[in-house]
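Residue numbers (the UniProt record's numbering), protein chains in the order written: chain A, 1 to 183; chain B, 1 to 711. All residues carry an ideal CB built from backbone N, CA and C; glycine is no exception. These numbers come from a predicted model, not from an experiment. Shown next, in structure tokens, is the structure this report addresses.
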Amino acid sequence: MYEQFKARAVGVGAEVHRVTTCSDAVEFVLSFLKQEGIADHPGIYAVWAQGPFLDAVGREVLRGVPGLSFEVTRERAAQAKVGISDMSFAVADTGSLVQDQAAADQRLASALTGIHIALVPTSNILADKTSLFSRINPANSRFIAFITGPSRTADIERVLTIGVHGPERLIILFVDELGGEKR
Amino acid sequence: MKREFKASINRALNDANLTGALGKFSEAYKVNRTKAYEGIDFEDLRGRIAEAKSGAACHLDEVAETFRMNAEALGAKVFRTRDPEEVKQYILKVARENGVKNVVKSKSMATEEIHLNQALLKEGISVAETDLGEWIIQLAGQTPSHMVMPAIHMTKEEVAEIFSKEVDERLDTDIPRLVKVARNELRPKFLAADMGISGANIAVAETGSIVLVTNEGNARLVTTLPRVHVALVGVEKLVEKFETVVPILDALPRSATAQLLTSYVSIISGPTPNDDGSLKDLHIILMDNQRTDMAKDPKFKQALQCIRCGSCLNVCPIFRLVGGHVFGKVYTGGIGTILTAWFDELKKSEEIQGLCIQCGNCTQVCPGKLDIPEMIMEIRRRLVLEKGQPLVQKAIFSVVNNRKLFHGMLRAASVAGKPFTSGKFIRHLPLFLSELTDGRSLPAIADKPFRDIHPGIEQPKGKEKAVFYAGCLIDFAYPETGVALVKLLNKAGIEVVFPEEQTCCGAPALYSGAYEVAAQNAADNIAALLEQDAQYVVSACPTCTVALAHDFAKTLEAVGRTEWLDKARILAGKTVDLATLVKRLVDQGRLSFQEGEQLGKITYHDSCHLKRTLNVSEQPRELLQQAGYELEEMFECDMCCGMGGSYSMKLPEISAPILKRKLKNIKDTGASLVAMDCPGCVLQISGGFDQDGAAVRVKHTAELLAERLKD
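This is how it looks when you write it as structure tokens:
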């Protein structure tokens, strides 16, 4: 299913990677932030929304990274180049990510930034919406968000253009070690 | 038809940008949509959507109340109203109470429907549309021309012009750059807004949730950043169960833009926290505006199954020529015609309903299973009931309802038409058919109608008998098609009888909304065709076949002549189109064609009624190949040729370019022969080639097959 997901997600313009352990994932993110020139300066901040991944690895290992903040305010997110958040599920047949985003910082980090890095437990790849709908329930998630590829429009002459209001890059990082069902 | 309306059609037709953009899009759409639906059982999918949505429409009030209770239990404020005025007052009240100065909106057709922006602006509240297409048309001071792609009618040059004014800087036409300008301009508006207004694609009663589907991500910002969120939801968006979200999400993006899923789907259930930790002030307005009345109307109830994907626009041969600004007001295209008649008023749809050529393309792709052409016919009928038939039409139909007079006039036309005839074509028709078309000749009325030829044909007298229903065109213009039909059936040992009392099938009257006339035609034909005890009633005209097999009963029922219903059903049961019958006879080994000869390339044109109402498309193709032709499929083989009965006379400016496109597609195959199964299409296409001058022969399949019968 990973391969199917990857093909679909890449098909809609997402970038898909996979690592084994959480520390591999940390390394991936840190080297990415470096590469993008993230620094403590408006416009090139990075924000990381609280979620299962941070719970698992702890913030300590990430302290002192220049420009990276865990306090996702609207001002900070609007000035961020990179936003990092968790996603609970991946849906293979459409290449979509799904998460409970009732917490505002989750949406700010994934909607206002230029690049969105999504961390997903590899074991939570589901076949399709039907299997997804047996796992999500509006009674316990007030804002269920599906994200499929980066923000796009074709409103001018039907020419597909990426990154209109939301992120122009969606980087999906599957982490094998995260495992288990996360909310 | 009013002069301004004709002028708006001509403007649209001469707008190369518009017709170019729409034409290109509709061609690509067909291919992409097919790909998006690969591996999906579309019939099953739309069956589930139609069932769920019609279930909700059956008890709208209850479902809306369940939604209200469940959404309120989560902390949302729900306001239900029938009246669009009250919607505006409610939103203004919420704005006042919250000191709202700036509103950002995510695309919502319901707010277009009630002209909400003007109401907000009048109160001094600034409003920014944030969907790129909506923002473009807002800046341009226009209305959307397509439900899903509001600015599809505009070029990048026009957009650059508009944006340049807005940012006071000369911008060039680089589209990614223009999109970046929009992002930069709208970002501060999002951050400063104190109220976000959205629509909803689905509202789930069971959970009190609304579902928003977007690609740009603007709905996520509209529902996240401002403290107040108002969602304006037409009650037709209600479904009972959460599980119904699945099939709608399966179909909506695939049908709208051929995407497997849009970039973003948001399921919002009650207020969420704002970024300062307070809880959002969430208002959900359930708006009725005629929808309950629509749900109670047996003919229009199905319109509530619409999921607003816009695919009826994408496949409409008329829409792609004239675009949305001619075809509807707020809601455009086929569904727009229906919604205009209801949400606005019946007479507002008077002109646009006439644009529908009844080709049925939209019924084939509709994920809500709406029969849009049928509803448009009903609008026609009600307009006629309300206003009466135009005088000229009335005069024509009074003739059509008197078989002897009607046939007498057709016979007279064959004589009167002589001075105007050149070969097989009349270039100027006399009598009531005199308002003629550009780009197409009409057939000459035959010297001897089929009804006079028939008695002279010697036939096998056996047990098996078929009644031949000819229809006016075959009887009076193309008797050779009738002769071919008799030859084919005779060869299989079937005697063909021709009841003299048969008359017009009523389609012209029906498609003009003159149901009383059509019902009389139906009754006369039922009596004539059932008099003979025959196994089949066969026709070589799909429009007539549809009349016999589908329309007679419906029409008679609509005008309350129920005493005819049983007989109408018996007739319907016996009716078969020629291609289907011949195919059956060939498969049974009762008919066979000469062998060993290569007849060369042929292409086939699908007639709207045969392909889409009668679901017959393979039979004629197989028969033609069995008869020795090599089939070369043409591009858009099943796209309407622009005939549409009297349509080509009422709207020649639209019919002509549709025909031109068809002629080009035929010529592009390189075949010198095009076959079809409808005498109306033969009339249109052979008339077109007569003026076009290309050496392409146009034939009814029956004739091609009859020529190839084994001796």
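Test item: CB-CB of residue i and residue j under 7 Å
i: G13 (chain A); j: G163 (chain A); result: no
i: P84 (chain B); j: N218 (chain B); result: no
i: V104 (chain B); j: K189 (chain B); result: yes
i: K510 (chain B); j: V538 (chain B); result: Note that residue 510 (chain B) is Leu in the sequence shown here, rather than Lys. Cβ distance not < 7 Å, so L510 (chain B) and V538 (chain B) don't count as in contact.
i: A549 (chain B); j: L565 (chain B); result: no
i: V497 (chain B); j: V486 (chain B); result: no
i: C504 (chain B); j: S607 (chain B); result: no
i: I40 (chain B); j: P247 (chain B); result: no
i: I445 (chain B); j: E464 (chain B); result: no
i: A295 (chain B); j: L304 (chain B); result: yes
i: Y515 (chain B); j: A558 (chain B); result: yes
i: F146 (chain A); j: V98 (chain A); result: yes
i: residue 712 (chain B); j: V265 (chain B); result: Any question about residue 712 (chain B) goes unanswered here, given that chain B covers just 1 to 711.
i: V61 (chain A); j: A109 (chain A); result: no
i: G645 (chain B); j: P499 (chain B); result: no
i: G513 (chain B); j: R380 (chain B); result: yes
i: A568 (chain B); j: I526 (chain B); result: yes
i: G133 (chain B); j: D155 (chain A); result: yes
For residue j and residue i, believed in contact at Cβ under 8 Å, the rounded distance
i: A518 (chain B); j: T575 (chain B); result: Actually they do not touch by this definition, with Cβ atoms about 17 Å apart.
i: I84 (chain A); j: A111 (chain A); result: Incorrect: roughly 13 Å between the Cβ atoms, too far for contact.
i: V228 (chain B); j: D276 (chain B); result: Going by Cβ atoms, the distance from V228 (chain B) to D276 (chain B) rounds to 13 Å, so no, they are not a contact pair.
i: N70 (chain B); j: A203 (chain B); result: Not a contact, Cβ separation roughly 10 Å.
i: Y629 (chain B); j: L599 (chain B); result: 5 Å
i: F25 (chain B); j: I152 (chain B); result: 7 Å
i: N32 (chain B); j: A395 (chain B); result: At roughly 48 Å, the Cβ-Cβ gap does not stay under 8 Å, so N32 (chain B) and A395 (chain B) are not in contact.
i: L391 (chain B); j: Y469 (chain B); result: With 8 Å as the limit, L391 (chain B) and Y469 (chain B) do not qualify as a contact, their Cβ atoms being about 31 Å apart.
i: C541 (chain B); j: C678 (chain B); result: 6 Å
Contact set for residue i: own chain, Cβ-Cβ below 6 Å, skip 5 residues either direction
i: E435 (chain B); result: With a pLDDT of 43 at E435 (chain B), under the threshold of 50, the modelled position of this residue cannot be trusted, and the question is left open.
i: S255 (chain B); result: C309, S311 and P367
i: R590 (chain B); result: A492
i: I171 (chain A); result: E15 and I117
i: residue 185 (chain A); result: Because chain A spans 1 through 183 in this model, residue 185 (chain A) falls outside it and cannot be assessed.
i: A78 (chain A); result: L112
i: L709 (chain B); result: K491
i: I136 (chain A); result: I144
i: K77 (chain B); result: H283
i: E129 (chain B); result: K105, W135 and Q138
i: V359 (chain B); result: According to the sequence as given, residue 359 (chain B) is Cys; it is not Val. C608 and C640, listed in sequence order.
Own chain, CB closer than 7 Å to residue i, minus 5 neighbours either side, in chain order
i: L704 (chain B); result: L624, A627 and A675
i: S164 (chain B); result: R170 and L171
i: V94 (chain B); result: V228, V230 and H283
i: S141 (chain A); result: D100 and A102
i: T437 (chain B); result: Residue confidence for T437 (chain B) is low, a pLDDT of 36 falling below 50, so the modelled location carries little weight and cannot support an answer.
i: G323 (chain B); result: A12, L18, L22, S145 and H153
i: H165 (chain A); result: S151
i: G439 (chain B); result: Its pLDDT being 46, under 50, G439 (chain B) is placed unreliably in this model, and the value from its coordinates should be taken loosely. Excluding residues within five positions, the ones whose Cβ falls inside 7 Å are A656, L659, K660, G688 and Q691.
Residues of its chain near residue i, where Cβ-Cβ distance is below 8 Å and the 5 sequence neighbours each way are ignored
i: V399 (chain B); result: L405, F406, M409 and F432
i: A192 (chain B); result: N102
Heavy atom of the ligand ATP within 6 Å of residue i beta-carbon
i: H550 (chain B); result: Looking for the ligand ATP in the displayed structure turns up nothing, as the structure carries no ligands at all.
Short CB-CB distance (under 7 Å) between residue i and chain C
i: R382 (chain B); result: Reference to chain C is not applicable here, since the protein chains of this structure are A and B.
In chain order, which continuous runs of the alpha helix (DSSP H) of length 4 or greater are located wholly inside the stretch 656-701 of chain B?
Counting only runs of 4 or more, we get 679-692.
With 7 Å as the limit, tell me which residues of the stretch 69-82 of chain B have their beta carbon closer than that to any beta carbon of chain A; keep them in chain order.
Hits within the stretch: zero.
Short of 8 Å Cβ to Cβ, which residues in the stretch 124-146 of chain B face chain A?
Within the stretch 124-146 of chain B, the qualifying residues are T130, D131, L132, G133 and I136.
Selection of the stretch 135-149 of chain A by Cβ proximity to chain B, strictly under 7 Å:
Against chain B - using a Cβ distance shorter than 7 Å - the residues of the stretch 135-149 of chain A are P138, A139, R142, F143, I144, A145, F146, I147, T148 and G149.
Near-chain B residues of the stretch 59-89 of chain A - C-beta to any C-beta below 7 Å:
If the cut-off is 7 Å between Cβ atoms, the stretch 59-89 of chain A has T73, R74 and A78 near chain B.
Residues in the stretch 104-121 of chain A with C-beta within 9 Å of chain B's C-beta atoms, listed in sequence order?
So the close ones are A104, D105, R107, L108, S110, A111 and L112.
Please name the residues in the stretch 122-134 of chain A whose beta-carbon is closer than 8 Å to at least one beta-carbon of chain B, in chain order.
Listed by position along the chain: K129, T130 and F133.
With 9 Å as the C-beta to C-beta threshold (strictly closer), list the residues of the stretch 654-687 of chain B near chain A in chain order.
Listed by position, the residues of the stretch 654-687 of chain B near chain A (Cβ gap below 9 Å) amount to none.
Let me know the beta strand (DSSP E) ranges lying completely inside the stretch 507-560 of chain B, each 3 residues or longer, listed in chain order.
When DSSP assignments are scanned along the stretch 507-560 of chain B, the uninterrupted stretches of beta strand (DSSP E) that are 3 or more residues long and fall wholly within it turn out to be 536-539.
With 7 Å as the C-beta to C-beta threshold (strictly closer), list the residues of the stretch 9-30 of chain B near chain A in chain order.
Those would be A21 and F25, in chain order.
Scan the stretch 218-233 of chain B for residues whose Cβ lies nearer than 7 Å to a Cβ of chain A and list them as they occur along the chain.
Of all residues in the stretch 218-233 of chain B, the ones placed with a Cβ closer than 7 Å to any Cβ belonging to chain A are N218, R220, L221, T224 and L225, in chain order.
Just list the alpha helix (DSSP H) runs in the stretch 337-376 of chain B, keeping only unbroken ones of 4 residues or longer that don't cross its boundaries, in chain order.
The qualifying runs are 361-365.
Length-filtered (3 minimum) beta strand (DSSP E) runs lying within the stretch 90-140 of chain A:
List check, beta strand (DSSP E) in window: 96-100 and 115-121.
Let me know the alpha helix (DSSP H) ranges lying completely inside the stretch 135-223 of chain B, each 4 residues or longer, listed in chain order.
156-167, 175-192 and 218-222, all fully within the stretch 135-223 of chain B.
Report the residues of the stretch 97-112 of chain B with a CB closer than 7 Å to any CB of chain A, ordered along the chain.
Of all residues in the stretch 97-112 of chain B, none has a C-beta nearer than 7 Å to a C-beta of chain A.
Contiguous beta strand (DSSP E) assignments of at least 3 residues, all confined to the UniProt domain "4Fe-4S ferredoxin-type" (296-324) of chain B:
As summarised for the UniProt domain "4Fe-4S ferredoxin-type" (296-324) of chain B, there are no continuous beta strand (DSSP E) elements at least 3 residues long confined to that stretch.
Members of the stretch 145-161 of chain B near chain A, C-beta cut-off 8 Å:
Per Cβ criterion, the list reads M149, P150, A151, I152, M154, T155, K156 and V159.
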